[in-house]
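Enquirer: Numbering (my numbering), first residue to last: 70 to 571.
Quick one: the structure is below, questions incoming.
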Amino acid sequence: MSNEDLDGQELLAARTQLLEELQVERRELGRKGEHLFNPARLSRYIQGNNGSVEEATAHFRKMLCWYKEANMLQKRTLIENKPWCVDSVTGARELFDMMCIDASKFTKDGNMLWVQRDGFAQIEKIMSLTDEDLVGRMSLLCELREHHLDQLSIKKGKLMKSFQVRDLTGLNIGAVLRSRFVMKRLADVFKIVSTAYPETLHQMVIVNPPAGFNLFWTAVQPMLNDRIRKKFRFIPSGPMDFPLELVKMAGVGVLESLANLADVVQNRHENNLTLAPGFAHYKCQRLPAGSMASWSFSVTKSSLHFRAIVIETSDEDSQHGAAGLAWRDVFEAQPVSGVVSGQSDVLEVDSLLWLAWCNADSWTQSVPLSNLQLMVFQKTSPPDDFDRNPSVSSIRSRRESRSPTSLASCFMPWCGVDDVPSDDESLESNPNLTRQPQYSSRPPQTQSAEKCSESRHCDGLWGDGFDGFTSLFLRITVLLLLIAMARSASTFASEVEQSLAR
Numbered sequence: 070m071s072n073e074d075l076d077g078q079e080l081l082a083a084r085t086q087l088l089e090e091l092q093v094e095r096r097e098l099g100r101k102g103e104h105l106f107n108p109a110r111l112s113r114y115i116q117g118n119n120g121s122v123e124e125a126t127a128h129f130r131k132m133l134c135w136y137k138e139a140n141m142l143q144k145r146t147l148i149e150n151k152p153w154c155v156d157s158v159t160g161a162r163e164l165f166d167m168m169c170i171d172a173s174k175f176t177k178d179g180n181m182l183w184v185q186r187d188g189f190a191q192i193e194k195i196m197s198l199t200d201e202d203l204v205g206r207m208s209l210l211c212e213l214r215e216h217h218l219d220q221l222s223i224k225k226g227k228l229m230k231s232f233q234v235r236d237l238t239g240l241n242i243g244a245v246l247r248s249r250f251v252m253k254r255l256a257d258v259f260k261i262v263s264t265a266y267p268e269t270l271h272q273m274v275i276v277n278p279p280a281g282f283n284l285f286w287t288a289v290q291p292m293l294n295d296r297i298r299k300k301f302r303f304i305p306s307g308p309m310d311f312p313l314e315l316v317k318m319a320g321v322g323v324l325e326s327l328a329n330l331a332d333v334v335q336n337r338h339e340n341n342l343t344l345a346p347g348f349a350h351y352k353c354q355r356l357p358a359g360s361m362a363s364w365s366f367s368v369t370k371s372s373l374h375f376r377a378i379v380i381e382t383s384d385e386d387s388q389h390g391a392a393g394l395a396w397r398d399v400f401e402a403q404p405v406s407g408v409v410s411g412q413s414d415v416l417e418v419d420s421l422l423w424l425a426w427c428n429a430d431s432w433t434q435s436v437p438l439s440n441l442q443l444m445v446f447q448k449t450s451p452p453d454d455f456d457r458n459p460s461v462s463s464i465r466s467r468r469e470s471r472s473p474t475s476l477a478s479c480f481m482p483w484c485g486v487d488d489v490p491s492d493d494e495s496l497e498s499n500p501n502l503t504r505q506p507q508y509s510s511r512p513p514q515t516q517s518a519e520k521c522s523e524s525r526h527c528d529g530l531w532g533d534g535f536d537g538f539t540s541l542f543l544r545i546t547v548l549l550l551l552i553a554m555a556r557s558a559s560t561f562a563s564e565v566e567q568s569l570a571r
């Protein structure tokens with residue numbers, strides 16, 4: 070039975086029959102257990118047992134046994150009348166941080182978002198918790214989640230569930246499977262969920278599966294029935310691309326959850342991250358219409374792949390879908406190194422800025438990511454270089470081969486190794502740097518924004534038109550003057566040597 074409509078005739082008939090089977094248990098529990106018999110919860114047991122009322126009855130009675138053993142009727146008084154929030158359960162925030170979970174958002178369809186980065190879970194800390202701390206907290210969280218999902222289902226007239234996203238970046242599946250203690254803890258939690266809280270999962274999306282996952286999935290798949298297997302989806306795209314696929318499925322809230330978890334990981338390292346091979350880091354920012362954002366960060370020792378995307382959020386309920394997602398690149402995916410900075414254009418509609426970094430090129434070397442800054446400006450208070458170039462994205466690098474005592478650095482300070490040049494200066498004084506594509510401030514398209522050469526707003530090679538050309542011309546003139554002075558000095562020295570020889 071796959072019908073989610075609570076008022077469907079088939080589900081309504083099965084629910085009535087199930088209530089008749091459970092009359093005795095309902096009377097024994099009285100008012101304190103009435104929440105267990107609401108239409109949404111009964112429907113979950115029916116749906117979870119493929120519409121079989123007999124199996125649903127047996128399943129429900131098994132849940133009641135666990136409920137009594139765990140003293141849940143008494144424990145749930147701790148969460149009564151509390152909102153769906155991690156702080157509603159004592160110690161849950163600490164547990165979520167350890168497990169790298171964010172469950173603060175909802176999908177565009179109204180289902181509850183549950184985003185988890187399993188590869189960043191602090192297994193040792195989790196295993197150091199007592200059974201009561203771990204299983205007890207998770208039980209209360211599941212109870213609170215079930216209560217709010219049931220209330221939401223009754224309000225909407227259909228079963229509302231959780232939409233789970235599991236980012237498996239860095240997960241060592243072999244180590245987890247080899248640890249009996251970890252497997253026992255996982256089995257305890259899964260047993261509770263499957264027994265007491267069936268059919269709370271709408272869909273589980275797996276992203277960034279590690280090496281060996283295909284073999285693991287091949288072994289596990291036969292153990293799952295067809296209904297459960299259909300709930301799993303896999304996104305093969307890497308960290309630079311899978312976020313857009315997630316937005317099409319669940320809305321931009323899923324990106325905010327991923328970014329929240331990235332902040333948790335970043336805080337563990339005091340804001341200085343080192344990305345291991347294959348690992349990714351995310352950042353996002355809501356941007357109101359009329360605003361713009363700028364960013365800067367440092368990549369040392371090697372390079373990271375970086376991408377910046379703007380996604381429209383002005384109509385979140387209807388914009389998503391295979392063809393309706395309005396987005397554009399403001400910094401196309403590419404390897405970057407050194408000091409990197411850039412900014413978006415002024416946005417015409419409410420949007421979300423998504424930044425992603427990934428160590429995709431190295432198999433062995435970890436790459437530091439530091440000095441990350443993200444700032445938002447209103448159109449009335451732009452940054453210093455906003456009027457000069459409202460949509461520039463640049464890479465600023467320090468080249469070790471540049472000598473701090475070179476002739477150019479003596480007479481032209483902008484060539485000094487300790488200076489961080491502006492966008493135009495870095496391009497003109499260092500031929501090793503290349504200007505990044507610039508994008509116009511037209512509304513987002515369904516594909517990447519046009520390249521610099523195709524944009525009527527692009528200033529081209531010379532930067533800011535005549536001023537940029539004049540600056541370049543003056544610098545070339547100074548350089549030629551220095552060369553002439555050097556030649557004159559060389560000629561003078563030659564004449565002195567000849568006169569002494571005479």
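Each residue gets a CB set at the ideal place from its N, CA and C atoms; glycine is no exception.
Quick caveat, the model's predicted, so the values are computed rather than measured.
#1: Is it buried or exposed for Arg214, if we count other Cβ within 10 angstroms and need 16 for buried?
#2: Which whole-angstrom value describes the C-beta separation of Leu237 and Ile275, a residue pair presumed to lie in contact below a C-beta threshold of 8 Å?
#3: Does the stretch 242-257 come close enough to the stretch 107-123 that 3 or more CB-CB pairs lie under 8 Å?
#4: Return the first residue and the last residue of the beta strand (DSSP E) that Gln92 is part of.
#5: In chain order, what residues of the same chain lie with their CB nearer than 6 Å to the CB of Asp454, ignoring the 5 residues before and after it?
#6: Measure the Cβ-Cβ separation of Val234 and Val155 and say whether it is below 7 Å.
#7: Can you give me the start and stop residues for the alpha helix (DSSP H) that Asn329 sits inside?
#8: Indicate whether Glu268 and Gln116 have their beta-carbon atoms separated by less than 7 Å.
#9: For Ala402 and Lys317, what's the separation of their Cα atoms in angstroms?
#10: For Ser365, which residues from the same chain have a beta carbon less than 6 Å from its beta carbon, with the 5 sequence-adjacent residues on both sides left out?
#11: Report buried or exposed for Val289, applying the criterion of at least 16 other Cβ atoms within 10 angstroms of its Cβ.
#12: Whole angstroms are fine: how far does the CA of Leu75 sit from the CA of Leu81?
#13: What residues in its chain sit with their C-beta under 6 Å from that of Arg186, if we drop five residues either side in the sequence?
#14: Tell me whether Lys137 sits in a helix, a strand or coil according to DSSP, three-state version.
#15: Check this for me: beta carbons of Ala395 and Glu417, under 7 Å apart or not?
#16: Buried or exposed: which applies to Glu79, given that a residue is buried once 16 or more other Cβ atoms fall within 10 Å of its Cβ?
#17: In the DSSP assignment, what are the bridge partners of Met181?
#18: Closest to Val334 by C-alpha separation, out of Gly102, Phe165, Glu124, would be which residue?
#19: If you reduce the DSSP assignment to three classes, tell me which class Ser372 lands in.
#20: Report the residue from Gln434, Ser383, Leu327 whose alpha carbon sits nearest the alpha carbon of Lys370.
#21: Between which two residues does the alpha helix (DSSP H) harbouring Gln220 extend?
#22: Pick out whichever of Asp332, Ser383, Ala161 has its Cα sitting closest to the Cα of Arg355.
#23: Going by DSSP, name the residue or residues bridged to Asp166.
#24: Is Val276 helix, strand or coil when you go by DSSP?
#25: Could you say if the stretch 251-265 and the stretch 198-208 meet the contact criterion of at least three C-beta pairs nearer than 8 Å?
#26: With DSSP as the reference, identify every bridge partner of Ile261, one or two as the case may be.
Expert: By the coordinates alone:
#1: buried
#2: 6 Å
#3: no
#4: Unbroken run through Gln92 is the alpha helix (DSSP H), 92-98; no beta strand (DSSP E).
#5: For Asp454, the pLDDT reaches just 48, beneath the cut-off of 50, and the residue's location in the model is therefore unreliable, leaving the point undetermined.
#6: no
#7: 322-337
#8: Taking 7 Å as the Cβ cut-off, Glu268 and Gln116 qualify as a contacting pair.
#9: 20 Å
#10: Ser410, Gln442
#11: exposed
#12: Cα to Cα, the separation comes out at about 7 Å.
#13: Cys169, Asp236, Leu330
#14: helix
#15: no
#16: exposed
#17: Phe175, Ser231
#18: Phe165
#19: In this structure, Ser372 counts as strand in the three-state DSSP scheme.
#20: Gln434
#21: 206-225
#22: Ser383
#23: BP columns for Asp166 are empty, so no partner.
#24: Strand at Val276.
#25: Segments in contact, yes.
#26: Per DSSP, none; premise fails for Ile261.
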